[in-house]
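Asks: Chains as they are written, first to last, in the working numbering: chain X, 281 to 460; chain D, 281 to 460.
2 protein chains.
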Amino acid sequence: MIVVLRLGHRIERDKRLSTHCGLVARAFGAQKMVYSGQEDSGLEESINSVIKGWGGPFSIEHVESARKVIRDWKGKSVHLTVYGLPLQKKIRIIRKMKNLLVIVGGEKVPPEVYQECGMNIQVTGQPHSEVAALAIFLHEYFEGKELEKKFRKAEKNVVPQERGKKVTTKILKQTWPRHM
Amino acid sequence: MIVVLRLGHRIERDKRLSTHCGLVARAFGAQKMVYSGQEDSGLEESINSVIKGWGGPFSIEHVESARKVIRDWKGKSVHLTVYGLPLQKKIRIIRKMKNLLVIVGGEKVPPEVYQECGMNIQVTGQPHSEVAALAIFLHEYFEGKELEKKFRKAEKNVVPQERGKKVTTKILKQTWPRHM
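(1) Does the segment 307-320 of chain X come close enough to the segment 419-427 of chain D that 3 or more CB-CB pairs lie under 8 Å?
(2) Establish whether the CB of glutamate 292 of chain D and some CB of chain X are separated by less than 8 Å.
(3) How far does the alpha helix (DSSP H) with arginine 375 of chain D in it reach, from first residue to last?
(4) If we ignore side chains and look at the alpha-carbon of each, how far apart do asparagine 379 of chain D and valine 358 of chain D end up?
(5) When you compare the CB positions of glutamine 406 of chain D and tryptophan 334 of chain X, do they come within less than 8 Å of one another, or not?
(6) Does the segment 391-402 of chain D come close enough to the segment 290-308 of chain D that 3 or more CB-CB pairs lie under 8 Å?
(7) So what does DSSP say about isoleucine 506 of chain X, is it helix, strand or coil?
(8) In whole angstroms, what is the alpha-carbon distance linking valine 447 of chain X and isoleucine 327 of chain X?
(9) Can you tell me which of the three DSSP states glutamate 392 of chain D falls into?
(10) Between X:Lys369, X:Leu360, X:Met377 and X:Lys376, which lies nearest to glycine 386 of chain X when the distance is taken from Cα to Cα?
(11) For a contact meaning CB atoms closer than 8 Å, what does leucine 297 of chain X contact in chain D?
(12) Cα separation between asparagine 400 of chain X and methionine 377 of chain D?
(13) Going along chain D in order, which residues have a C-beta closer than 9 Å to the C-beta of lysine 446 of chain X?
(14) In this structure, how does DSSP classify glycine 302 of chain D when only helix, strand and coil are distinguished?
(15) Would you give the residue range spanned by the beta strand (DSSP E) that lysine 408 of chain X belongs to?
(16) Listed in chain order, which residues of the segment 413-426 of chain D have Cβ atoms closer than 7 Å to some Cβ of chain A?
(17) Determine the contact status of glutamine 318 of chain D and arginine 296 of chain D, defining contact as a CB-CB distance below 8 Å.
(18) Tell me whether the beta-carbon of histidine 419 of chain X lies closer than 8 Å to the beta-carbon of histidine 419 of chain D.
(19) Please check if any C-beta of chain X sits within less than 8 Å of the C-beta of arginine 347 of chain D.
(20) Quick check on DSSP: helix, strand or coil for glutamate 325 of chain X?
(21) From the beta carbon of serine 316 of chain D, is the nearest beta carbon of chain X less than 8 Å away?
(22) In chain D, what lies closer than 7 Å to tryptophan 334 of chain X by C-beta?
(23) Can you tell me the Cα-Cα spacing of lysine 430 of chain X and glycine 364 of chain D, whole angstroms?
(24) With DSSP as the reference, identify every bridge partner of threonine 449 of chain X, one or two as the case may be.
(25) Could you work out which residues of chain X lie near valine 330 of chain D, taking near to mean beta carbons separated by less than 7 Å?
Below you can see the structure in the form of structure tokens.
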């Protein structure tokens, strides 16, 4: 079980980046994203509409306290930060951790997160993007196998094409109401 | 030489995502990002300030016509799109291409791009993020070696830490004015 914790979401400023974090979490093999900061129904709707169309299992949930999530987590936690130890040096150890909380920051990460997480890990020591850091982390964790991941209850699936677009659409079996 | 072409930038909506694309391009080994759509001095300043602080070589430039960039490119081009052929199936061939234009879209990619680019490549068939797709593409292209990339003329460097933050700051030798 991998859960992504997105820190300090701000509705105005972070909507698209947090959405991308959630979509990357889902596409690259995490089961859930929880986020602290401002509760944002728009963010949740964006993620939920992708789950509805493209399958799961995945979920998104707002949390009041990121520190409580970190403290209460039953398993290991990894905080992705440019200041941490290089991913490529630690990934073998991390791959053995099966219940993993992956923490991705925003602009200002409280110092306690650096102290209370299990490990601080950098995806390069260069400034870039929490979206990219999360993708590379999960890609390395799953050793590329996540690229072939199948999702359950997907209404839509892309059929890879050399040119153009092809999407198959499945109308999921309606199980209710049975008698109509 | 790897150049990233970011399509259809909109100042209001895309500022942060295009900034993240540019930072990922730089951090993961490209030499330049060009972008079409609206010219955006704020985006360029964000990227240039990272180059100044963290080194290069890297540059950013606005272009009027994305199609002209694609047509005039002396080398191969790869368009990252969820509808394309799987990255993991094509990466061995792509690694042999040395002069590479990597095209990343926004919300609406003109159909001509699918026709005029060299290859359409998917980083999973799931909806996620152009920032993540670009990072994974470059990470696979360079086989992870980009994680260790050194940048020239960097004023700042992160010293990886288990806890906390450590950045070395170098005052670059002032070569002008010599006589003061």
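All residues carry an ideal CB built from backbone N, CA and C; glycine is no exception.
Replies: With the given structure in hand:
(1) no
(2) no
(3) 367-375
(4) 11 Å
(5) yes
(6) no
(7) As shown, chain X starts at 281 and ends at 460. That puts residue 506 of chain X outside it, with no answer to give.
(8) 19 Å
(9) helix
(10) X:Leu360
(11) Arg296, Leu297 and His300
(12) 35 Å
(13) Tyr363
(14) helix
(15) Note that residue 408 of chain X corresponds to histidine in the displayed sequence, not to lysine. That residue, histidine 408 of chain X, is in no beta strand (DSSP E); it is neither H nor E in DSSP.
(16) Chain labels in this structure do not include chain A; the protein chains are X and D.
(17) no
(18) yes
(19) no
(20) helix
(21) no
(22) Gln406 and Pro407
(23) 17 Å
(24) X:Lys436
(25) Pro407
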